[in-house]
Amino acid sequence: MTEPDGVRLQKVLSQAGIASRRVAEKMILDGRVEVDGHIVTELGTRVDPTAADIRVDGTRVLLDDTLVHLAINKPRGMHSTMSDDRGRPCIGDLVEHRVRGNKGLFHVGRLDADTEGLMLLTNDGELAHRLMHPSYEVPKTYVATVLGTVPRGLGKKLRAGVELDDGPARVDDFAVVDAMPGRSMVRVTLHEGRKRIVRRLLAAVGFPVQELVRTDIGAVSLGEQRPGSIRVLTRKEIGELYKAVGM
Numbered sequence: 001m002t003e004p005d006g007v008r009l010q011k012v013l014s015q016a017g018i019a020s021r022r023v024a025e026k027m028i029l030d031g032r033v034e035v036d037g038h039i040v041t042e043l044g045t046r047v048d049p050t051a052a053d054i055r056v057d058g059t060r061v062l063l064d065d066t067l068v069h070l071a072i073n074k075p076r077g078m079h080s081t082m083s084d085d086r087g088r089p090c091i092g093d094l095v096e097h098r099v100r101g102n103k104g105l106f107h108v109g110r111l112d113a114d115t116e117g118l119m120l121l122t123n124d125g126e127l128a129h130r131l132m133h134p135s136y137e138v139p140k141t142y143v144a145t146v147l148g149t150v151p152r153g154l155g156k157k158l159r160a161g162v163e164l165d166d167g168p169a170r171v172d173d174f175a176v177v178d179a180m181p182g183r184s185m186v187r188v189t190l191h192e193g194r195k196r197i198v199r200r201l202l203a204a205v206g207f208p209v210q211e212l213v214r215t216d217i218g219a220v221s222l223g224e225q226r227p228g229s230i231r232v233l234t235r236k237e238i239g240e241l242y243k244a245v246g247m
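Quick note on the UniProt record's numbering: the sequence shown kicks off at 1 and runs consecutively.
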């Protein structure tokens, strides 16, 4: 039961699923817990769980159980919208009957219909906005199959920057994953989200994309998730996303 002057911090951490109360007490004593920007080491500390900003090892502890954070593997041929007035298949169709309260969900970052892979869905509008805004530099990783054999210096060229019709663009990281007869598989990481940016970048340096999959957004990875499937993000993944955008 909530006491008039707040709830003991170790109880809040335990109820949030961070650790057992005994382990939470050790975290506090070890100086790993912050409340509203201040490290707390007193076990008797009481907080208002509805208002306090609580962090463990710098990662925010989410206490609002109405917040939804999902990862979806968008199949190829599906549109990145919650609804489509032309009746085309869209990610809203996938969540319509599987996620309660899906009307308030925001999709984080679009993928064109021909691209498959990781998208995030959340009802936290501020988190969605920050994850998509280039100023927060949240990295996104793609695996692309391109025509041709990739030369050794291409990564350096892409990291230096390529001029596109709407301005220069550059990648944060580039690697050749596999080579096949007449084709190559490459991994591209960048933090901007201009429309079809990966396809346009690779086409600009002479390697048109045949297939494209987004595998990572920040700390969240697609892993073995099947196309069309939805999963709830782990507590660690959620905390890392908020940390990445300063929330």
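The beta carbon of each residue, even a glycine, is placed where N, CA and C say it ideally should be.
As the structure is a computational prediction, the values presented were derived from the model and not from experiment.
Name the two residues that bound the continuous beta strand (DSSP E) containing residue i.
| i | result |
| --- | --- |
| L212 | 209-217 |
| L154 | First-last for L154: 154-160, but that is the alpha helix (DSSP H), not the beta strand (DSSP E). |
| L120 | 116-122 |
| L70 | 69-74 |
| D178 | 173-180 |
| G167 | 167-169 |
| R88 | From DSSP, R88 is part of no beta strand (DSSP E); its letter is neither H nor E. |
| V232 | 230-232 |
Just curious, the alpha helix (DSSP H) that residue i is in, first and last residue?
| i | result |
| --- | --- |
| R130 | 125-132 |
| residue 250 | Nothing can be reported for residue 250, as the shown portion of the chain is limited to 1 through 247. |
Where does residue i land, buried or exposed, given buried means 16+ other C-beta within 10 angstroms?
| i | result |
| --- | --- |
| E116 | buried |
| T141 | buried |
| M82 | buried |
| R22 | exposed |
| E25 | buried |
| L105 | buried |
| G218 | buried |
| H129 | exposed |
| D124 | buried |
| Q210 | exposed |
| M119 | buried |
| A71 | buried |
| K74 | buried |
| I39 | exposed |
| R226 | exposed |
| P89 | exposed |
| H133 | exposed |
| L202 | buried |
Using three-state DSSP, classify residue i as helix, strand or coil.
| i | result |
| --- | --- |
| R194 | coil |
| E224 | coil |
| S80 | coil |
| R200 | helix |
| G206 | coil |
| A113 | coil |
| T2 | In this prediction, T2 has a pLDDT of 43, which is less than 50 and means its spatial position is unreliable; what the coordinates show is noted afterwards. Three-state DSSP puts T2 in coil, outside helix and strand. |
| G104 | helix |
I'd like to confirm the pairing. Which residues does DSSP put opposite residue i in its beta bridges?
| i | result |
| --- | --- |
| E237 | Partner(s): none; E237 has no beta bridge. |
| V143 | R187, V213 |
| E163 | P168 |
Any beta strand (DSSP E) of 3 or more consecutive residues that is wholly inside the UniProt domain "RNA-binding S4" (7-67): Entirely contained in the UniProt domain "RNA-binding S4" (7-67), the beta strand (DSSP E) runs reaching 3 residues are, in chain order, 33-35, 54-56.
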